[in-house]
């Protein structure tokens, strides 16, 4: 029982590690890796014409071809097989030599290809839970309960198969035939144990294999003739895996593929040895040794797989490194070309800079000479301008002083004349007022006298009219003569007064005209004095402005002189810098010409690839 559990565990580990397919719980089948063929559907499938067996879903067709198409239906069935069905569908030939009919890779129907199946379910089966997952009443559940002694008593009646030589790899056809035959012997590592004639556990309706068959077995048509297997895609895909030209990496990939195939063959041989040891184990010590051998075999299988994976990974890494080295070499060549072009360009640029520096130094030297000449001329012009400005300043100061004296005298004279003219105007105004008062007084006296004379004339006329005519004539004559005399006197007085009035009016008009003339002359003199004063003020203002302009021009000349001195110092410093630059460029060109052949430093290492270092020092 321990050997059976160990066998189940090893087969489960093998299937889970390869992950060909997975089955739902309580519905599985154990098939050798060599029994499976390449997929015919899905990605990477190779198309082939469908067979008669593929259309029947993997069912047993003993009446048609006398063979069984392996499929996912090959599970631990609960129904028993009759000897006739076992003989008609089995792979054994009715010969006494016990040879196994060689067959090619096991056929897989399209419905049971790895691409059409469900993804593998990675579940770890423990020996304790194995009996719980078996279907009650099935053959597997009955064989699980058997002990190693019962299995050994049953195995004594069965002839063991001759194991392959340890130095010779087992044939894939031999392994596939033993793994794909439904009625294989118990010595096959993947055979289903059957009870013997005297076994304690017998399947109802079934007969033991150790008992001779009651009927003569029918000769089976070879599987290679009935249904020839498709061409293996492995032999074609290995050379055509890459369209690139043959290189060291591709040759290494082919070698690693062959090593992997050899490791796979070793794994299959170890699996075969595992089954043989399991069939030959009959005691507890042998079972322990078998378990130890199986563990060693599993370790060897794992080591072989890891070696194959490491070899394949190492081949891919070497190929990647080779490609990286080739790319690095191409990059290094391109960098060398670029650096060479850059070196030539920098050399030409440095030569051009040297020529420009020499031209700039010559131009700076010429500018320095011109600046020195212009500075001397500016200094002499400044001295001359300073002397002229000083003489002008002194003349302007004397002129301003004389103008101030003249202005003061004119102001004094103007004040005196203004006082005199004011006094005369006051006198003339007073005389005119007195004349006007006198004229008005005389006019009033003349009017009063005229009024009196008119009143007397009126009185005398009234008196004369009141007298009698006769004596009145003499009186009238005397009176008229006296009146006429008075009238004449009055008329003369009136005429005299009128003449006097006209004279006074003429005198007043003359006085007014003289006053107007005096006022006009005074206004004219005042205007002339004001004009003189304005002219003197303007001259004084212009003199002050001229002084200010002179001061400003002097400050500007001083600033210009300072700027010229600073420009001279800057030109001197620039000339010195240009000379130092030219000397540095000449020295650097000489040094670069001496170390031109040592300007590249290349560091090559397989781990880091090709790396180029180039160091330039620019001035």
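Numbering (my numbering), first residue to last: 217 to 835. Positions of the beta carbon are idealized from the N, C-alpha and C atoms, including for glycine.
Check, Outcome
"Residue 553, buried or exposed, once every other Cβ within 10 Å from all chains shown has been counted against 16", "exposed"
"Anticipated Cβ contact below 8 Å, residue 573 with residue 794, distance rounded", "7 Å"
"CB contact check: residue 548 to chain D, cutoff 8 Å", "Among the protein chains of the structure shown there is no chain D, as only one such chain exists."
"Reduced DSSP category for residue 248 - H, G, I as helix; E, B as strand; rest coil", "coil"
"Meets three-Cβ-pair contact criterion under 8 Å: the region 659-672 and the region 702-722", "yes"
"6 Å Cβ shell around residue 731 - same chain, five flanking residues per side excluded", "644"
"Beta-carbon spacing of residue 513, residue 486 below 8 Å", "yes"
"Touching by the beta-carbon criterion (3+ pairs, under 8 Å), the region 611-631 and the region 751-769", "yes"
"DSSP state of residue 811 mapped onto helix, strand, coil", "coil"
"Cβ distance (whole Å) where residue 472 is taken to contact residue 527 below 8 Å", "5 Å"
"Local Cβ density within 10 Å of residue 589, reported as buried at 16 or more and exposed below that", "exposed"
"Whole-Å CB distance - residue 724 paired with residue 655, under 8 Å assumed", "7 Å"
"Burial state of residue 560, where buried means 16 or more other Cβ atoms lie within 10 Å", "exposed"
"C-alpha distance - residue 533 paired with residue 525, whole-angstrom precision", "12 Å"
"Residue 770 and residue 605 closer than 8 Å at C-beta", "yes"
"Cut-off 8 Å between Cβ atoms - residues of its own chain near residue 709, not counting five sequence neighbours on either side", "665"
"Three CB pairs or more closer than 8 Å across the region 590-603 and the region 769-783", "yes"
"Cβ neighbour criterion (16 or more within 10 Å) applied to residue 811", "exposed"
"Closest Cα partner of residue 757 within the set 612, 568, 657 and 707", "612"
"Whether residue 727 touches residue 653 by CB criterion (8 Å)", "no"
"Euclidean distance between Cα positions of residue 569 and residue 809", "16 Å"
"Exposure label - residue 549; buried when at least 16 CB within 10 Å", "exposed"
"At least three beta-carbon pairs within less than 8 Å, the region 576-586 to the region 800-807", "no"
"Neighbour-count burial assignment, residue 557, 16 or more Cβ in a 10 Å radius", "exposed"
"Backbone CA spacing between residue 450 and residue 477 [nearest angstrom]", "Residue placement at residue 450 is flagged as unreliable, the pLDDT there being 41, under the threshold of 50; the coordinate-derived value follows with that caveat. Going from the Cα of residue 450 to the Cα of residue 477 covers about 10 Å."
"Sub-8 Å separation of residue 517 and residue 483 beta-carbons", "yes"
"Counted within 10 angstroms of its Cβ, other Cβ atoms place residue 787 as buried (16 or more) or exposed", "buried"
"Runs of beta strand (DSSP E) lying entirely within the region 512-585, each at least 3 residues, in chain order", "none"
"C-alpha distance - residue 627 paired with residue 783, whole-angstrom precision", "55 Å"
"Burial state of residue 494, where buried means 16 or more other Cβ atoms lie within 10 Å", "buried"
"Coarse secondary structure for residue 296, derived from DSSP in three states", "Because residue 296 sits at a pLDDT of 38, beneath the cut-off of 50, its placement in the model cannot be relied upon, and the point is left open."
"Whether residue 745 touches residue 630 by CB criterion (8 Å)", "yes"
"For residue 475, the nearest candidate out of 555, 531, 673 and 781 (CA to CA)", "531"
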